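For reference, the structure is listed below as structure tokens.
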Amino acid sequence: MILSKLLNRWNVMNRHPYSAIKLFSTLSAKELRNLNPVLHHRSYIKEEVVFDKGEAGQAVYFVLEGSVTLQRPLADGNYTLSHMACGDAFGTLALLLDEPRAFQAVAQTDCRLAVLFRSDLQLLLETQTVTASKIHLAVAKQLARILHDAALDDTQLISV
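Here's what the structure looks like:
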């Protein structure tokens, strides 16, 4: 935990574009640079749909600038699940499961996102094993945290 915080502080000080991403907090500056070929940047304008509920999930998204709302469209309107800001990741289940999206992601503001496709993570696993393993462990911890929180609050809707 202390090493993770030190690495994160060092990365922020060195202003690497991915250093603010919480899922990458255990990565060194060199490991962050290893992500350059596999992270794809996308820009969205306010209220643009990033992905829809039911779409094939092939990638996880990271907020670099702006904010994104995760919502589940209902007959009587949209139900907001969560707001994602700089450093947050959403759609992480797509790295593990080949299933349709459980929610819709909409740009709340103009935003810039980094996208990591499942196939690119697999390539990273073959070429940069330590980096990919750290990302897999961070994803597992994030999902475990969500499940733990949901177990404590049975009124909460689980969506990752």
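If you count the sequence shown from 1, you need to add 13 to reach my numbering.
Backbone N, C-alpha and C fix where the C-beta goes; we use that ideal spot for every residue, glycine too.
Since the model is a prediction, treat every value here as computed from it, not as a measurement.
Where E174 falls: helix, strand or coil (DSSP): The chain is shown from 14 up to 173; residue 174 falls before or after that span and cannot be answered.
Inter-residue spacing [alpha-carbon to alpha-carbon] between K66 and G90: Sequence index remark: in the sequence shown, residue 66 carries index 53 (1-based). Sequence index remark: in the sequence shown, residue 90 carries index 77 (1-based). Between K66 and G90, the C-alpha separation is close to 14 Å.
Unbroken beta strand (DSSP E) run spanning A107, endpoints: Reading the sequence shown from its first residue, position 94 is the one you call residue 107. Neither: A107 is in no beta strand (DSSP E) and is coded neither H nor E.
Pairwise C-alpha distance: L165 and D101: Locating residue 101 in the sequence shown gives position 88, counting from the first residue. Locating residue 165 in the sequence shown gives position 152, counting from the first residue. Answer to the nearest angstrom: the Cα atoms are 22 Å apart.
Collapsed DSSP secondary structure at C142 in the structure displayed: Position 129 of the sequence shown, counted from the start, is the residue given in the question as residue 142. At residue 142 the sequence reads Thr, which differs from the Cys that was named. Of the three classes helix, strand and coil, the one that applies to T142 here is helix, per DSSP.
S32 (DSSP reduced to helix, strand or coil): Taking the first residue of the sequence shown as position 1, residue 32 is located at position 19. S32: coil per DSSP, three-state reduction.
Endpoints, the beta strand (DSSP E) within which A120 is located: For this step, residue 120 is matched to residue 107 along the sequence shown. Residues Q117 to A120.
N-terminal and C-terminal residue of the alpha helix (DSSP H) that R46 is part of: To locate residue 46, count along the sequence shown from 1; it is residue 33. Where R46 is concerned, the enclosing alpha helix (DSSP H) stretches over A42 to N47.
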